[in-house]
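Visitor: Here it is: the structure, laid out below.
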Amino acid sequence: METAAGIHPVQRADLPALFVYLDDHLRDNGRDGTLLFQPMARAESGFPVDKRAGFVTGMTAPVGEPGWRRAWFALDEQGLICGHVDLRARPERAARHRCLLGMGVHRDHRRQGLGGRLLETALAWARTQGGIDWVDLEVIAGNLPARRLYQRSGFVVTGEMPDLFRIDGEQLGYVYMTHKI
Ligand SMILES: CC(C)(COP(=O)(O)OP(=O)(O)OC[C@H]1O[C@@H](n2cnc3c(N)ncnc32)[C@H](O)[C@@H]1OP(=O)(O)O)[C@@H](O)C(=O)NCCC(=O)NCCS
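First residue of the sequence shown? That's -14 in this note's numbering, and the numbers climb one at a time after it.
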């Protein structure tokens, strides 16, 4: 069943609510024995305060400039955030023709097509930009729901680093995927 949630670009005034949402979302990381979807220890999972400034400055930086970022969120019928996707500059100056994607869907809204719609929103925007030729992402190897979603949306695996992370006693690989614009 498709969800009716509307998807909107995140404006600067939306950032405080987005930070609260992201903090709650990241606290799900590996909770109650579920899979880790971020390379952070369970006890440290949350939205780091030092990442906030990057969102604020990145949203006003022109695309192609260091640190740029654009984000979209999905709002449910009550106006509550139920999913997000963002695109951001890669750290390498010579890779301005590429960007990195991050995303998540609220635990109560999964498996209703929202992840696919968020991805399509970000990819459609990237197609209008001219200077972005590739959208890249990184996903923990064991995160099969995310890997299936990305594959269905046209991302292909470019590599895998086994045992990149050791978190809470587990060895975790990282999978690199990309989508040609
Ligand atoms: C990964 C995530 C974003 C998927 O969002 P979603 O809204 O549930 O995705 P969709 O409903 O659009 O699913 C589209 C397809 O993805 C795959 N998929 C999604 N969830 C899945 C699951 N739990 N198991 C297997 N496949 C799954 C399926 O192919 C699915 O299509 P189908 O439902 O017709 O089988 C969501 O599970 C999530 O937020 N997880 C935690 C955060 C996270 O992993 N973020 C990505 C970090 S790289």
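Built from N, CA and C at the ideal position, the CB exists for glycine as well.
Quick caveat: nothing in here was measured; it's all calculated off a predicted structure.
#1: In angstroms, rounded to a whole number, what distance separates the CA positions of R83 and A28?
#2: Would the segment 30 to 38 count as touching the segment 131 to 138 if we require 3 or more Cβ pairs under 8 angstroms?
#3: For T163, which of G18, R75, D(-1) and Q23 has the nearest alpha-carbon?
#4: Take P(-6) as the anchor and find which of H69, L65, G139 and Q63 has the nearest alpha-carbon.
#5: Can you have a look at Q156 and say buried or exposed, based on whether 16 or more other CB atoms are within 10 angstroms of its CB?
#6: What first and last residue would you give for the beta strand (DSSP E) that runs through Q156?
#7: Compute the distance between the beta-carbons of W255 and A46, then report whether it is under 7 angstroms.
#8: To the nearest angstrom, how far is the alpha carbon of D71 from that of R55?
#9: By the three-class DSSP mapping on this structure, what secondary structure does D(-1) have?
#10: Is any heavy atom of ligand 1 found at a distance shorter than 6 angstroms from the C-beta of R96?
#11: Could you name the residues that DSSP lists as bridge partners for L72?
#12: Using 6 angstroms as the cut-off, classify the Cβ of L134 as near or not near the heavy atoms of ligand 1, replying yes or no.
#13: Quick check on the burial criterion: 16 or more other C-beta atoms within 10 angstroms. Buried or exposed for G89?
#14: Can you tell me whether Q63 is buried or exposed? The criterion is at least 16 other CB atoms within 10 Å of its CB, across all chains shown.
#15: Tell me the rounded alpha-carbon separation between A26 and T19.
Guide: Concretely, from the data shown:
#1: The straight-line gap from Cα to Cα measures roughly 33 angstroms.
#2: By the criterion of at least three beta-carbon pairs nearer than 8 angstroms, the segment 30 to 38 is not in contact with the segment 131 to 138.
#3: Checked all of G18, R75, D(-1) and Q23; the closest Cα to T163 is R75.
#4: Among H69, L65, G139 and Q63, the Cα nearest to that of P(-6) is on H69.
#5: Exposed, because fewer than 16 other Cβ atoms sit within 10 Å of the Cβ of Q156.
#6: Segment E155 to K165, the beta strand (DSSP E) holding Q156.
#7: This structure cannot settle anything about residue 255, because the visible part of the chain is limited to -14 through 166.
#8: Straight-line Cα distance between these residues: approximately 6 angstroms.
#9: Three-state DSSP puts D(-1) in a helix.
#10: Relative to ligand 1, R96 has its C-beta within less than 6 angstroms of a heavy atom.
#11: The bridge partners DSSP lists for L72 are R55 and L86.
#12: Relative to the non-hydrogen atoms of ligand 1, the Cβ of L134 comes within a distance shorter than 6 angstroms of at least one.
#13: By the C-beta density criterion, G89 is buried, having at least 16 other C-beta atoms within 10 angstroms.
#14: With fewer than 16 Cβ atoms within 10 Å of its Cβ, Q63 is classed as exposed.
#15: Each residue's CA atom was taken as its position, placing A26 and T19 some 13 angstroms apart.
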